[in-house]
Amino acid sequence: QKEVEQDPGPLSVPEGAIVSLNCTYSNSAFQYFMWYRQYSRKGPELLMYTYSSGNKEDGRFTAQVDKSSKYISLFIRDSQPSDSATYLCAMSAVRSQGNLIFGKGTKLSVKP
Amino acid sequence: IAGITQAPTSQILAAGRRMTLRCTQDMRHNAMYWYRQDLGLGLRLIHYSNTAGTTGKGEVPDGYSVSRANTDDFPLTLASAVPSQTSVYFCASKRDILTDTQYFGPGTRLTVL
Chain A
16 QKEVEQDPGP
26 LSVPEGAIVS
36 LNCTYSNSAF
46 QYFMWYRQYS
56 RKGPELLMYT
66 YSSGNKEDGR
76 FTAQVDKSSK
86 YISLFIRDSQ
96 PSDSATYLCA
106 MSAVRSQGNL
116 IFGKGTKLSV
126 KP
Chain B
74 IAGITQAPTS
84 QILAAGRRMT
94 LRCTQDMRHN
104 AMYWYRQDLG
114 LGLRLIHYSN
124 TAGTTGKGEV
134 PDGYSVSRAN
144 TDDFPLTLAS
154 AVPSQTSVYF
164 CASKRDILTD
174 TQYFGPGTRL
184 TVL
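As given, the protein sequences belong to chains A and B, one line each in that order. The opening residue of the first sequence carries number 16 in the working numbering; numbering runs sequentially from there. The opening residue of the second sequence carries number 74 in the working numbering; numbering runs sequentially from there.
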């Protein structure tokens, strides 16, 4: 079993829809959780960062972490065509080591 | 312009040739990373450097070497390229090992024939 599992999609939604992206993981030591967005032929960029369990909201984006279920989610409200990208979850256990484990990414397409 | 630059943008290389991918950052970040990204496999860590003068192996280090002579530069060398090294290579950096935000470069698309 891979340490981090993420459905690769592709996921296609109409403009304005609520999008839910998810990752599961197996290592209970993970404490730091991130979502990166990657546009086509570009490098990933950090979108959301969460420590331990709970929710974090930033504009149209909400990140949730459920450590008891080893499950993290990214919600996008009022999705826009400009949200079309690949979304990668990433996580790490020991902050001092700092190496991230990435999911394979979910490709999202928001149709106008 | 602050950030990470990578060179070349893309390259086609004959198998057996030596190739160095360049990565430079001007943010004075201590930690730097090299990843490869392949369809269906995601981002995989090749090598990392927590600070100038030190390097470490990631998940897929075989066939690659790195050096970190100074803070800004972190070149990745393929000593004798093989077709399985065809991939998109990303360099990343962060301020230090205690921070969480990694900044990525634009990537190098490498094809080994």
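Here a beta-carbon is modelled for each residue, glycine too, at the ideal position from N, C-alpha and C.
Taking only beta carbons into account, state which residues of the stretch 47-68 of chain A come closer than 9 Å to chain B, listed in chain order.
So the close ones are TYR47, MET49, TYR51, GLN53, ARG56, LYS57, GLY58, PRO59, GLU60, LEU61, TYR64 and TYR66.
Assuming B:SER163 and B:GLY136 are in contact, meaning their beta carbons sit under 8 Å apart, how far apart are those beta carbons, in whole angstroms?
Correcting the residue identity first, residue 163 of chain B is Phe in this sequence and not Ser. In fact, because the Cβ distance is near 17 Å, the residues do not count as touching under 8 Å.
Between B:ALA88, B:ALA104, B:GLY113 and B:ASP111, which has its C-alpha nearest B:GLY126's C-alpha?
Nearest C-alpha to B:GLY126: B:ALA104.
Flag B:GLN98 as yes if its beta-carbon sits less than 9 Å from any beta-carbon of chain A, otherwise no.
No, its Cβ sits nowhere closer than 9 Å to a Cβ of chain A.
I'd like to know if B:GLY180 contacts chain C, where contact means its C-beta is closer than 9 Å to some C-beta of that chain.
You won't find chain C in this structure, because its protein chains are A and B.
Residues of chain B with CB closer than 7 Å to the CB of A:PHE90, please, in chain order.
Within 7 Å Cβ-Cβ: nothing; A:PHE90 doesn't reach chain B, min ~21 Å.
With a CB to CB cut of under 7 Å and the five nearest residues on each side skipped, what residues in its chain are close to A:LYS119?
For A:LYS119, where only same-chain residues beyond five positions count, the Cβ hits under 7 Å are GLN21 and PRO23.
Using the three-state DSSP reduction, which class does A:SER55 fall into: helix, strand or coil?
DSSP places A:SER55 in coil when its eight states are reduced to three.
Less than 9 Å between CB atoms is the rule here; does A:LEU115 satisfy it with respect to chain B?
Yes, because at least one Cβ of chain B sits closer than 9 Å to the Cβ of A:LEU115.
Return the CA-CA distance between B:ARG109 and B:GLY178, expressed in angstroms with no decimal places.
Roughly 12 Å between the two C-alpha positions.
What's the gap between the Cα of A:LEU103 and the Cα of A:PHE117?
A:LEU103 and A:PHE117: Cα-Cα distance of roughly 7 Å.
Which word fits B:LYS130, buried or exposed, when buried means at least 16 other C-beta atoms lie within 10 angstroms of its C-beta?
Exposed.
What residues in the stretch 116-127 of chain A bring their beta carbon closer than 8 Å to a beta carbon of chain B?
The residues in question are PHE117, GLY118, LYS119 and GLY120.
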